[in-house]
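To keep things clear, I will list the structure first and then write my remarks on it.
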Amino acid sequence: MYGRNLRVSHHTPSRHLPDTDGEVDTAAADPADDGTEPAAVTEEAASGGTEPRDSSDTATDVAAPATAREHGRWRVWRGWRARNPRASRVLSVGTTVLAGALVVVALLLPNRMERIEFASFVRIPAEGVLLAGLLLALPPRPRRIMAVVSGGFLGLVTVLKFVDMGFYQVLARPFDLVLDWILIENATDFLRETFGRTGQVLAVIGVIVLFVAVLVLTTLALVRLTNLMVRHRPVAARTTLILGTAWITCMTLGVQIGTVPIATKGNAEFLGNRVEQVRAGLRDARVFQKQAAVDAFAKTPPDQLLTGLRGKDVLFTFIESYGRVAIDDPAMAKQTDAVLKEGTASLKAAGFESRSGWLQSPVTGAGSWLAHSTFLSGLWIKNQQRYRSLTTSDRMTLTKYFGKTGAWRTVGIVPGVRRAWPEGKYFGLDHIYDSEHLGYHGPYFSWTPVPDQFSMEAFQRLEHGKKDREPIMAEIILASSHNPWSPIAHMIDWEDLGDGSVFHRIKKEGTNPTEVWKDPEKVRTEYRKAIEYSIRSLTEWVERYGDEDTVLVFLGDHQPVPTVTAGDTGKDVPVTIVAHDKKVLDRVADWGWSDGLKPAPDAPRWGMDKFRDRFMTAYGPQG
Numbered sequence: 258m259y260g261r262n263l264r265v266s267h268h269t270p271s272r273h274l275p276d277t278d279g280e281v282d283t284a285a286a287d288p289a290d291d292g293t294e295p296a297a298v299t300e301e302a303a304s305g306g307t308e309p310r311d312s313s314d315t316a317t318d319v320a321a322p323a324t325a326r327e328h329g330r331w332r333v334w335r336g337w338r339a340r341n342p343r344a345s346r347v348l349s350v351g352t353t354v355l356a357g358a359l360v361v362v363a364l365l366l367p368n369r370m371e372r373i374e375f376a377s378f379v380r381i382p383a384e385g386v387l388l389a390g391l392l393l394a395l396p397p398r399p400r401r402i403m404a405v406v407s408g409g410f411l412g413l414v415t416v417l418k419f420v421d422m423g424f425y426q427v428l429a430r431p432f433d434l435v436l437d438w439i440l441i442e443n444a445t446d447f448l449r450e451t452f453g454r455t456g457q458v459l460a461v462i463g464v465i466v467l468f469v470a471v472l473v474l475t476t477l478a479l480v481r482l483t484n485l486m487v488r489h490r491p492v493a494a495r496t497t498l499i500l501g502t503a504w505i506t507c508m509t510l511g512v513q514i515g516t517v518p519i520a521t522k523g524n525a526e527f528l529g530n531r532v533e534q535v536r537a538g539l540r541d542a543r544v545f546q547k548q549a550a551v552d553a554f555a556k557t558p559p560d561q562l563l564t565g566l567r568g569k570d571v572l573f574t575f576i577e578s579y580g581r582v583a584i585d586d587p588a589m590a591k592q593t594d595a596v597l598k599e600g601t602a603s604l605k606a607a608g609f610e611s612r613s614g615w616l617q618s619p620v621t622g623a624g625s626w627l628a629h630s631t632f633l634s635g636l637w638i639k640n641q642q643r644y645r646s647l648t649t650s651d652r653m654t655l656t657k658y659f660g661k662t663g664a665w666r667t668v669g670i671v672p673g674v675r676r677a678w679p680e681g682k683y684f685g686l687d688h689i690y691d692s693e694h695l696g697y698h699g700p701y702f703s704w705t706p707v708p709d710q711f712s713m714e715a716f717q718r719l720e721h722g723k724k725d726r727e728p729i730m731a732e733i734i735l736a737s738s739h740n741p742w743s744p745i746a747h748m749i750d751w752e753d754l755g756d757g758s759v760f761h762r763i764k765k766e767g768t769n770p771t772e773v774w775k776d777p778e779k780v781r782t783e784y785r786k787a788i789e790y791s792i793r794s795l796t797e798w799v800e801r802y803g804d805e806d807t808v809l810v811f812l813g814d815h816q817p818v819p820t821v822t823a824g825d826t827g828k829d830v831p832v833t834i835v836a837h838d839k840k841v842l843d844r845v846a847d848w849g850w851s852d853g854l855k856p857a858p859d860a861p862r863w864g865m866d867k868f869r870d871r872f873m874t875a876y877g878p879q880g
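Count along the sequence shown from 1, then add 257; that gives the number in the numbering used here.
Structure representation (structure tokens):
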């Protein structure tokens, strides 16, 4: 009884010879076998029979059913291979070729779409040569572990390169491993608003599937190639030596295919840059803390602040994605120039003068809140870490300084805000009107919750048009020019705005973002139209409701995405001051800004963080 209960099956490898380092040589078992299939089959399973078992035996091996199923599947597979040797050979070779191609692509793939070309994939990667040599040198067990770990790591690096491609397409910069995780949520929100809930869900599922697939496939591919190298060790060793020698030679001589060097250590440099990026992010927190502690106006008495604007209504207005490209790009310049000239002339006829210059934004493509906080705080807010540090500090902003004087009611018109916005308290506004409190009952225009013309009319109805009110300082964000610029609203008679229901018809007449984004030229055209709409909404409001006490400062927050900028990596945005009172513009006469709404190409260009202090100096007692 004890003998039966303790009996185990004895599996004897059949037709398998150990290789030189103790691994099973599967090549000896089957010429078509590439070494990735199970190599050991028991004599018992091969014959299809089993040892007789006593019916009273209750201590059977719990793994036996699973083993039997595995052996059953393996017998079916070997049977198919025996019946179809040619197809089996083609499948085996094809799988190996695909595995090799996948590993080569993963090693050589650039992290920017514009760098993907044929020459990129005929280079010699130093990391691949070193890894091959290491795998050949290791003993069997460490080699298997190294192959799996290296395959998974290569998959992670490949995924990170894909993420970089997306970031370069939208933000013209790589993904920040420390600071950019919050942008993933923003991206999914953008997908929902642009393509609907279904589009958002499908996109997220697609990304997850791609992530898992890349990790699994690169791991399996590297394991398969490792097995192949071990079975053909002499050839693999010679090939590795030749490639290593070729890499050193090409690197020394600088051999290139066009502008692409044949010898590359791109992955090592890629990872090195990431490590330095993380270190810089950690150091930046300390640097920013020191910068934020310096404020030239922190000790200025309230009655000495902004004295040159007392009694005026001051409006700081951001036009989403209004970048220099809208003015300088030949494909847009003619139409945009016409709108700016028309606005300049109309405002002048209404008694207003204007001056324009350039500001350099800390971001491009997206990240409006970083630009807004840079402009208002006088600090360079280039990442989310700085933004969080700023909004949890006591750093004074333009809006706070206006409020500190006690001479203005401070309000915010922020139609892009559709959920709780705790950071809003930091900016010190007396009241904030988000998309739910502007009285709008029309449709969204893709991401944009409220058309700009309606936002300006709501500001007039809710604040500016009230009788016997105190002067207002308003921060207004116009969102109609926000990506994806399809569909967009167009100007209608101000008397017809009503509660916004009229925009249902206008949206139906607009373009479909899915169709527009198939053609970059269509994207650029719709972007231009959106900018024109935002500018007209603003200038017509000033003509209609502005008076001798109106002072308007409007600017772009950042350049649009690279699809629109078409290779332009600049971060300049236009900035304009409009005023009816000549004394207001006299205070900035030494700035050298251009007359009108369009800044000249050679107009002064400042960092956006410099505006706060220059503005407060110009309109202070010594201005």
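Glycine included, each C-beta is placed from N, C-alpha and C at the ideal position.
These figures come from a predicted structure and were not determined experimentally.
Its chain contains Y579, A583 and S738 as the residues whose beta carbon lies nearer than 6 angstroms to that of I788, once the 5 sequence neighbours on both sides are disregarded; these appear in chain order.
In the three-state DSSP reduction, L355 falls in the helix class (H, G or I). Cβ atoms of Q642 and A542 come within 8 angstroms of each other, at about 6 angstroms. Taking C-alpha positions only, L795 is separated from T445 by approximately 30 angstroms. For R785, the uninterrupted alpha helix (DSSP H) segment begins and ends at P777 to Y802. Residue pairing from DSSP places R862 in a beta bridge opposite W615. Rounded to the nearest angstrom, the Cβ distance from I745 to P672 is 14 angstroms, too far for a contact under 8 angstroms.
For L563, DSSP assigns no beta-bridge partner whatsoever.
Under the criterion of beta carbons closer than 8 angstroms, L655 and V835 do not qualify as touching, at roughly 17 angstroms. Shown here, R666 sits in a strand according to DSSP, grouped into three states.
For H761, there is no enclosing beta strand (DSSP E); the enclosing alpha helix (DSSP H) covers residues F760 to E766. Between the alpha carbons of R612 and L754 lies a gap of roughly 30 angstroms. Shown here for A628: same chain residues with a beta carbon closer than 7 angstroms to its own, the five before and five after excluded, namely S618, P619, V620, D814, H815 and M865 in chain order. The Cβ-Cβ distance between G696 and I689 does not fall below 7 angstroms. The C-beta distance from V780 to V821 rounds to 6 angstroms, short enough to meet the 8 angstroms contact threshold.
With contacts defined by Cβ atoms closer than 7 angstroms, T662 and L562 form a contacting pair. As for any beta strand (DSSP E) of minimum length 3 sitting wholly inside the segment 707-777, the runs are 729-735, ordered along the chain. Sorting G515, M422, A493 and Y644 by C-alpha distance to the C-alpha of A376 places G515 at the top. Between A429 and G622, the C-beta gap is smaller than 7 angstroms, which places the two residues in contact. For D829, DSSP records a beta bridge to Q617. Counting every other CB atom within 10 Å of its CB across the protein chains shown gives M748 a total below 16, marking it as exposed. For F575, the enclosing beta strand (DSSP E) begins and ends at D570 to I576.
Counting C-beta pairs with one atom in each stretch, the segment 517-529 and the segment 358-372 have three or more that are closer than 8 angstroms, which means they touch. DSSP places G635 in the coil class of the three-state scheme, outside both helix and strand. Here I834 carries a strand assignment [DSSP, helix/strand/coil]. Collapsing the DSSP output to three states places H688 in a strand. Of the other Cβ atoms in all chains shown, 16 or more fall within 10 Å of the Cβ of W704; this residue is therefore buried.
In this structure, the CA atom of V517 is about 19 angstroms from the CA atom of G824. Our two residues, L448 and V458, have alpha carbons roughly 9 angstroms apart in a direct line. Boundaries of the beta strand (DSSP E) around F811: T807 to G813. Looking from the CA of V473, the closest CA among F868, L413 and R652 belongs to L413. Between L572 and A731, the gap from beta carbon to beta carbon is short of 7 angstroms.
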